[in-house]
DNA sequence: TTGTAGGCGTTATCAA
DNA sequence: TTGATAACGCCTACAA
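Residue numbers (the working numbering), protein chains in the order written: chain Z, 2 to 308; chain F, 2 to 308.
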């Protein structure tokens with residue numbers, strides 16, 4: 002009986018188009034099946050992909066995503082988090098704004114901080130340090146020794162991790178000798194234009210002193226840097242190898258195709274959602290989960306030319 | 002008494018951090034203060050900006066946004082719309098997927114279709130036709146006569162509007178004479194790579210026959226076309242003027258800075274939200290609201306060189 | 001003006 | 001297992 006009845010009820014439910022009311026449901030069960038995500042800027046392709054992946058992951062768990070943009074503005078961010086709290090979302094995925102300082106996040110509401118880790122909160126990020134190291138090691142293996150680095154903004158946590166990855170690789174001893182020469186670093190914002198001027202800066206020296214390869218901390222920087230090299234008449238990859246970081250779609254559309262280190266955005270988003278929904282145990286507070294990056298070969302790297 | 006009491010209660014409310022429960026609220030009032038937005042692809046900067054602007058506009062009305070991506074897949078799109086319906090959102094902003102055909106949208110739930118207009122639904126879009134005309138007229142005024150056009154995909158509604166704008170401008174009579182020569186059209190997808198090959202196609206002819214200017218139906222196409230010109234050794238804007246369409250942030254970051262026709266995304270998003278919340282009257286079903294585009298000068302246009 | 005009761009649509013809980 | 005009932009938190013309407 003149960004079986005047949007069950008089927009008949011199910012049939013009639015769809016027939017009548019009945020759908021349970023989420024408000025009533027959530028009022029009784031204390032679960033909203035809603036997840037908030039607060040990011041600095043949706044027009045940044047990295048965050049856009051993060052949101053998109055989170056939406057997919059959430060949908061797989063029967064949840065929906067409320068997006069909010071903080072515009073990297075701490076006050077707006079605080080306001081949005083308050084809104085989400087009052088909405089009684091089941092959890093929040095937060096990429097903190099850069100001028101984030103002393104924001105007190107509501108206790109009792111699960112929060113996962115992504116990408117820009119913060120002490121005291123469960124965090125998920127790509128392993129920027131090892132990721133960059135992968136890319137720089139690729140250049141070292143090709144034979145490059147004068148490898149320039151375009152860094153991110155000084156106070157950005159991921160930027161510093163990337164810088165450390167570069168320094169790790171540059172300092173690694175190879176049979177007792179240092180693998181590479183002294184670091185050549187240019188600090189810049191993560192965007193295209195900053196990458197271009199950083200590239201100009203690194204390349205504006207005599208051929209025997211200028212880097213034969215440059216690692217950029219973002220794909221946008223790398224693309225800007227390609228532009229700079231091009232304008233200086235430096236052929237890529239013949240006279241200059243370039244590697245980027247992030248693995249945004251644009252990277253595969255440049256000419257030549259940019260070699261880059263890809264962050265596993267989709268996996269990170271899925272993990273964040275799973276943690277918030279208790280499908281996966283949250284990382285300990287100051288032990289973020291780090292996701293391995295992957296080096297993607299492209300057409301922008303080659304062995305160095307002799308001076 | 003009322004006044005003082007009111008103030009004191011207000012004070013205590015904030016002091017205790019009391020916030021009304023939206024579920025209970027919505028259960029009684031039948032209003033969820035939630036708006037759904039379904040777009041084909043969040044990594045497309047145009048849609049990302051649309052979502053971001055919608056979020057801002059919604060926040061100004063005390064509403065929040067649930068985002069969903071259809072990946073241009075009709076089935077997924079239908080599923081997402083069903084989800085939003087069962088969520089009892091107050092309205093849906095929809096950019097239909099391209100393989101959209103016979104989807105029946107739920108009656109009784111306010112829907113505004115944006116950008117890719119559909120007969121039978123309230124629509125909002127940029128006035129692509131006049132926008133393109135603006136850009137092409139700019140080229141005509143500079144003295145160009147052989148103006149190429151990179152079109153969008155054949156079955157895309159906005160692509161066809163843009164094409165008509167180009168034809169409008171090319172056919173306009175100027176003191177009795179046709180202002181321009183026969184149209185030179187290359188069909189392409191809206192992305193970078195397609196723009197590049199379309200550019201190659203248009204520019205692969207003798208100098209006296211090749212266009213002195215090209216209007217591209219998207220900024221990404223325009224950037225790809227710049228690339229093609231560059232690879233062919235054609236200097237921009239000296240030997241070739243280029244104008245794009247959309248006005249995405251990337252357009253102002255190219256070298257030289259791309260001239261483009263900007264869609265008023267923010268205004269369109271605000272209008273869509275306002276209509277859904279009944280702050281603005283919806284357009285009649287087959288009379289979409291068209292928003293004027295704006296021509297943004299750049300460094301990619303100049304008068305044509307003599308042959 | 002102030003207070004109270006009822007109901008929105010679920011689901012948890014308790015009784016049978 | 002099944003069925004009945006109460007309670008979730010807010011809002012509105014009506015009574016005092």
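No residue lacks a Cβ here, since even glycine has one placed at the ideal position from N, Cα and C.
Bear in mind the structure is a predicted one, so any value in this text is a computation, not a measurement.
Coarse secondary structure for residue i, derived from DSSP in three states
i	result
residue 175/Z	strand
residue 245/F	strand
residue 99/F	coil
residue 216/F	strand
residue 65/Z	strand
residue 158/F	helix
residue 72/Z	coil
residue 210/Z	coil
residue 191/F	coil
residue 185/F	strand
residue 137/Z	helix
residue 52/Z	helix
residue 17/Z	helix
residue 10/Z	helix
residue 121/F	coil
residue 152/Z	strand
residue 223/Z	helix
residue 94/F	strand
residue 237/Z	coil
residue 127/F	strand
residue 106/Z	coil
residue 37/Z	strand
Near the ligand HEM: residue i beta-carbon under 6 angstroms from a heavy atom
i	result
residue 293/F	You won't find the ligand HEM in this model; it holds no ligand whatsoever.
Cβ neighbour criterion (16 or more within 10 Å) applied to residue i
i	result
residue 36/Z	buried
residue 56/F	buried
residue 24/Z	buried
residue 112/F	buried
residue 19/Z	exposed
residue 307/F	exposed
residue 228/F	buried
residue 45/Z	buried
residue 81/F	buried
residue 244/Z	buried
residue 65/Z	buried
residue 144/F	exposed
residue 15/Z	exposed
residue 85/F	buried
residue 278/Z	buried
Beta-carbon proximity list for residue i, same chain, < 7 angstroms, skipping 5 on both sides
i	result
residue 210/Z	none
residue 118/Z	124, 126, 158 and 289
residue 296/F	135, 136, 139 and 262
residue 221/F	191, 192, 193 and 196
residue 98/F	41, 71, 73, 74, 75 and 78
residue 120/F	287
residue 218/Z	151, 152, 153, 160, 163, 191 and 246
residue 240/F	306
residue 206/Z	none
Nonlocal neighbours in the same chain, by C-beta distance under 6 angstroms from residue i, ignoring five residues either side
i	result
residue 27/Z	33
residue 132/Z	262 and 294
residue 43/F	49 and 70
residue 259/Z	223, 245, 252, 299 and 301
residue 266/Z	50, 51 and 54
Presumed contact (8 angstroms Cβ cut-off) between residue i and residue j, rounded CB distance
i	j	result
residue 115/F	residue 269/F	6 angstroms
residue 179/Z	residue 130/Z	Incorrect: roughly 19 angstroms between the Cβ atoms, too far for contact.
residue 47/Z	residue 247/Z	6 angstroms
residue 291/Z	residue 128/Z	4 angstroms
residue 242/Z	residue 214/Z	4 angstroms
residue 204/Z	residue 235/Z	6 angstroms
residue 52/F	residue 39/F	With a Cβ gap of about 10 angstroms, residue 52/F and residue 39/F do not count as contacting.
residue 183/Z	residue 146/Z	Going by Cβ atoms, the distance from residue 183/Z to residue 146/Z rounds to 10 angstroms, so no, they are not a contact pair.
residue 274/Z	residue 8/Z	That pair is no contact at about 32 angstroms.
Same chain, Cβ closer than 8 angstroms to residue i, five either side skipped, listed in chain order
i	result
residue 1/Z	Shown here, chain Z extends from 2 to 308; a query on residue 1/Z therefore has no answer.
residue 257/Z	237, 238, 299, 300 and 301
residue 231/F	237
residue 174/Z	180
For the segment 242-296 of chain F, which segments carrying the beta strand (DSSP E) assignment without a break, of at least 3 residues, lie completely within its bounds, in sequence order?
242-247, 260-263 and 290-292
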